[in-house]
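In the numbering used here, the protein residues as written are 318 to 433.
Laid out in structure tokens, this is it:
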């Protein structure tokens, strides 16, 4: 598998940490891409050029960090990231809260680049 990322992205960082926490380093190659340019590798995996994107071994791809992290979690029994039955809802609640905080932080940062 190939995980397309750029260092400034908190979403890509979340996916990269998931690879490490799940012990999938031997199965996932990190591919540095430029989401602000017309990076052909990224565009092939995600036509809207957003990161992270995960190219699977069969050539298909997954986009959106939440989906990618869920998929990666399913690829190894080590360190289950989404909890056991009695903790799943609480873990999902905290995960959605964290994603919302990331969304707000990214939106605030992108607003700084918007022309007046």
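Beta carbons: idealized from backbone N, C-alpha and C, even for Gly.
Name the two residues that bound the continuous alpha helix (DSSP H) containing residue i.
i, result
"residue 328", "327-339"
Under 8 Å by Cβ, that's how I've got residue i and residue j pegged, so tell me the actual separation to the nearest angstrom.
i, j, result
"residue 336", "residue 345", "5 Å"
Please classify residue i: does DSSP put it in a helix, a strand, or coil?
i, result
"residue 407", "helix"
"residue 391", "helix"
"residue 417", "helix"
"residue 398", "coil"
"residue 366", "coil"
"residue 377", "coil"
"residue 348", "strand"
"residue 427", "helix"
Return the first residue and the last residue of the beta strand (DSSP E) that residue i is part of.
i, result
"residue 362", "Not the beta strand (DSSP E): residue 362 falls in the alpha helix (DSSP H), residues 357-362."
Counting C-beta neighbours from all protein chains within 10 Å, is the total for residue i 16 or more, i.e. buried, or is it exposed?
i, result
"residue 418", "exposed"
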